[in-house]
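In this note's numbering, the protein residues as written are 895 to 978.
Note that the Cβ used here is the ideal one computed from N, Cα and C, for glycine as well.
Encoded as structure tokens, the structure appears first; notes follow it.
In structure tokens form, the structure reads like this:
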């Protein structure tokens, strides 16, 4: 039986979308890991020449806050009994 030495069956795959932990400290670490992975450059979303990962994380956090504010305003303006 051949074994691939490059396969780690116990490794963590961030694409698994594991549920968040009930432990607040672990949950915060999981959320931080998600933010960091999202900030990394990818083929679909390359890093700009003058942009650092920290700046990218700040920009994404501001975009997320704006999207949340917009969603809340839309829900509030829609009135009761209307699900978005």
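Among the options, whose alpha-carbon lies nearest the alpha-carbon of residue i?
i	options	result
residue 947	962, 918, 934 and 939	934
residue 926	960, 955 and 966	955
So, at 8 Å on beta carbons, what are the nonlocal neighbours of residue i in its own chain, with the 5 sequence-adjacent residues on each side left out?
i	result
residue 963	none
residue 941	935, 947 and 950
residue 921	914 and 915
Starting from the C-beta of residue i, find all residues in its chain whose C-beta is less than 7 Å away, skip the five residues before and the five after it, and write them out in chain order.
i	result
residue 924	914 and 915
Problem set entry | At least three beta-carbon pairs within less than 8 Å, the stretch 918–936 to the stretch 944–952 | Flag = yes, the stretch 918–936 and the stretch 944–952 touch.
For this session: Identify every run of the alpha helix (DSSP H) within the stretch 916–945, keeping only runs that are complete inside it and at least 4 residues long; order them along the chain.
Result: Listed in chain order, they are 918–933.
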